[in-house]
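Worksheet for the structure shown next.
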């Protein structure tokens, strides 16, 4: 059936969806990346942060009684403490923000769309809400939540059960400071372990989000036909396509300039490459055509290849308007073309040939016959 959405989305459909903010995203990817980075960074920044907090805590408890909440000493100390903690923690928080943004945009790229900010009444429709609750997407989210809980809680249960008495004995044997240091190391280690376990969930979630996004954008055959009709009817796209076709055609017409024996020019608007071998050819043949900047390109290339460039405006105009690449010149132009070729071929240095107004007049080319 034409109404079934079985076809892959077109580039236009993907582009339109992106403009609306509809792109694949994986919450598990960003969450896991931030957790891994945070626990890894605590190994680097954790010691400094811990000792900074410890120092300010100790100093705050040792404040003299005259440093009351109303005194300048308390205010200065509070400012020093807040700025010190901020400076110490700033590299960690900035790095975490960068990782959060990078991991969020890793799938689907960065996009800003105001269309999602516009409230939709369908979002508060209870019927639509019930449908979403029992959708495949919500079912997958439920399975992911259960899997996440199992992956984290089961190892956590066995670790706590096994390590509980060890933690208590550590607290009794060592001072509070050593206990906190030991527990911090344990928490960071297990945090890295649990974050690494979540990578398994990411490996499932990322392909699913891409698959689900593509599935949501799938189109019916009729939608593809309608899109093609609308696109074809767009004047801007039609104009762009015509320009591209013209440029491609023009490029193909002047691509064989190296085969030409001479290039006849307008001298600025048209260039025509002509090839003639008296041994193997009966009549001169057109091997390249160019107008405007393509004509200039042909003239430049011809000079590089030391091919004679001959400015004969009436002959160039007639050849450009009546001939195609690969065609022989019209019979009516045999005589003037032979005159031009023979005048060039008899010279030792063909590039030295100079065209005069009298020479062009003697060719007797009647352009009115070719309109």
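In this note's numbering, the protein residues as written are 4 to 374.
Backbone N, C-alpha and C fix where the C-beta goes; we use that ideal spot for every residue, glycine too.
Predicted model only: the values in this text are computed from it and were never measured.
Cα-Cα separation between residue i and residue j, rounded to whole angstroms
i	j	result
residue 152	residue 158	10 Å
residue 24	residue 37	23 Å
residue 347	residue 268	15 Å
residue 371	residue 334	15 Å
residue 213	residue 33	15 Å
residue 265	residue 373	22 Å
residue 54	residue 60	10 Å
residue 44	residue 86	21 Å
residue 108	residue 164	39 Å
residue 16	residue 292	39 Å
residue 281	residue 338	15 Å
residue 78	residue 139	57 Å
residue 39	residue 143	24 Å
residue 294	residue 275	9 Å
residue 216	residue 141	14 Å
residue 48	residue 225	58 Å
residue 223	residue 229	10 Å
residue 366	residue 260	24 Å
residue 112	residue 296	39 Å
residue 14	residue 104	26 Å
residue 329	residue 323	12 Å
Residue i, buried or exposed, once every other Cβ within 10 Å from all chains shown has been counted against 16
i	result
residue 188	exposed
residue 304	buried
residue 12	buried
residue 3	The structure shown has nothing for residue 3, since the chain only spans 4 to 374.
residue 31	buried
residue 100	exposed
residue 368	buried
residue 160	exposed
residue 190	exposed
residue 319	buried
residue 210	exposed
residue 106	buried
residue 332	buried
residue 351	exposed
residue 279	buried
residue 288	buried
Residue i versus the options, residue with shortest Cα-Cα distance
i	options	result
residue 63	215, 46, 304 and 83	83
residue 311	321, 323, 317 and 263	263
residue 50	10, 35, 95 and 8	95
residue 102	35, 148 and 144	35
residue 110	28, 363 and 149	28
residue 57	41, 358 and 91	91
residue 341	326, 285 and 146	285
residue 309	316, 336, 356 and 143	356
residue 315	273, 223 and 149	273
residue 42	228, 98 and 89	98
residue 327	307, 336, 290 and 149	290
residue 204	362, 218, 220 and 150	150
residue 2	208, 113, 186 and 325	Outside the shown range of the chain (4 to 374) lies residue 2, about which nothing can therefore be said.
residue 155	200, 186 and 113	200
residue 114	46, 26, 148 and 336	26
Cβ of residue i within 8 Å of any chain B Cβ
i	result
residue 160	Protein chain content of the structure displayed is limited to a single chain, and chain B is not contained in it.
Counting only runs of 4+ residues fully inside the stretch 20-73, write out the alpha helix (DSSP H) ranges in chain order.
30-64
Whether or not the stretch 186-200 and the stretch 10-22 are in contact is what I'm after, with contact meaning three or more pairs of Cβ atoms, one per stretch, closer than 8 Å; do they touch?
no
Given 8 Å as the limit, is there contact between the stretch 295-305 and the stretch 340-360, that is, 3 or more CB pairs closer than that?
no
May I have a chain-ordered list of the alpha helix (DSSP H) segments no shorter than 4 residues that lie completely inside the stretch 266-302?
Fully enclosed alpha helix (DSSP H) runs of 4 or longer: not present.
Inside the stretch 292-369 only - alpha helix (DSSP H) runs reaching at least 4 residues
296-307, 316-325, 337-348 and 360-366
Give, in chain order, every unbroken run of the alpha helix (DSSP H) that is at least 4 residues long and sits entirely within the stretch 190-222.
DSSP runs (the alpha helix (DSSP H)) wholly in the stretch 190-222: none.
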